[in-house]
Amino acid sequence: LCDQFMTRINYAKTFEGFKSRILSKMTALTVIQFINHSENRNINNLKVNIT
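All residue numbers for the sequence shown refer to my numbering, where the first residue is 790 and numbers rise by one.
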(Lines of atoms letter the chains of each structure in order from A; the text may use other names.)
(Lines give C-alpha, C1' and ligand atoms only; values in the text may rest on other atoms or scores of the structure.)
Protein backbone atom coordinates (compact mmCIF):
# COMPACT_ATOMS: atom_id res chain seq x y z
CA LEU A 790 0.00 0.00 0.00
CA CYS A 791 2.93 2.34 0.47
CA ASP A 792 3.54 2.38 -3.28
CA GLN A 793 -0.13 2.62 -4.15
CA PHE A 794 -0.85 5.52 -1.79
CA MET A 795 2.64 7.05 -2.19
CA THR A 796 3.12 7.35 1.57
CA ARG A 797 6.90 7.03 1.51
CA ILE A 798 7.18 10.69 0.51
CA ASN A 799 5.24 12.78 3.00
CA TYR A 800 4.02 16.09 1.55
CA ALA A 801 1.84 16.96 4.53
CA LYS A 802 3.11 19.50 7.03
CA THR A 803 1.12 18.09 9.97
CA PHE A 804 -0.10 14.68 11.04
CA GLU A 805 -3.70 15.85 10.52
CA GLY A 806 -2.87 16.67 6.90
CA PHE A 807 -1.23 13.29 6.41
CA LYS A 808 -4.20 11.56 8.02
CA SER A 809 -6.72 13.37 5.81
CA ARG A 810 -4.65 12.59 2.71
CA ILE A 811 -4.60 8.86 3.49
CA LEU A 812 -8.30 8.87 4.41
CA SER A 813 -9.26 10.52 1.12
CA LYS A 814 -7.20 8.00 -0.86
CA MET A 815 -8.77 5.09 1.01
CA THR A 816 -12.23 6.52 0.38
CA ALA A 817 -11.54 6.91 -3.34
CA LEU A 818 -10.23 3.34 -3.53
CA THR A 819 -13.34 2.03 -1.76
CA VAL A 820 -15.65 3.94 -4.12
CA ILE A 821 -13.84 2.57 -7.18
CA GLN A 822 -14.09 -0.96 -5.80
CA PHE A 823 -17.81 -0.48 -5.09
CA ILE A 824 -18.43 0.77 -8.63
CA ASN A 825 -16.54 -2.20 -10.07
CA HIS A 826 -18.55 -4.57 -7.87
CA SER A 827 -21.81 -2.95 -9.01
CA GLU A 828 -20.78 -3.35 -12.66
CA ASN A 829 -19.79 -7.04 -12.10
CA ARG A 830 -16.12 -6.35 -12.81
CA ASN A 831 -13.02 -7.37 -10.89
CA ILE A 832 -12.94 -5.04 -7.87
CA ASN A 833 -9.15 -4.77 -7.90
CA ASN A 834 -9.07 -3.55 -11.49
CA LEU A 835 -8.61 0.11 -10.59
CA LYS A 836 -7.57 1.65 -13.90
CA VAL A 837 -10.66 0.73 -15.93
CA ASN A 838 -12.80 3.51 -17.35
CA ILE A 839 -16.20 3.98 -15.73
CA THR A 840 -17.99 4.23 -19.08
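Using N, Cα and C, we set each Cβ at its ideal position, and we do this for glycine too.
Note that the structure is a prediction, hence the values are computed from the model and not measured.
Item: Close beta carbons around Leu-826, own chain, < 7 Å, minus the five adjacent residues each side; Value: One detail in the question is off: residue 826 reads as His in this sequence, not Leu. Correct list, in chain order: Ile-832.
Item: CB contact flag (Leu-812, Ile-821, <8 Å); Value: no
Item: Start-to-end residues for the alpha helix (DSSP H) that takes in Glu-805; Value: 804-827
Item: Rounded separation between Ala-817 and Gly-806 - CA only; Value: 17 Å
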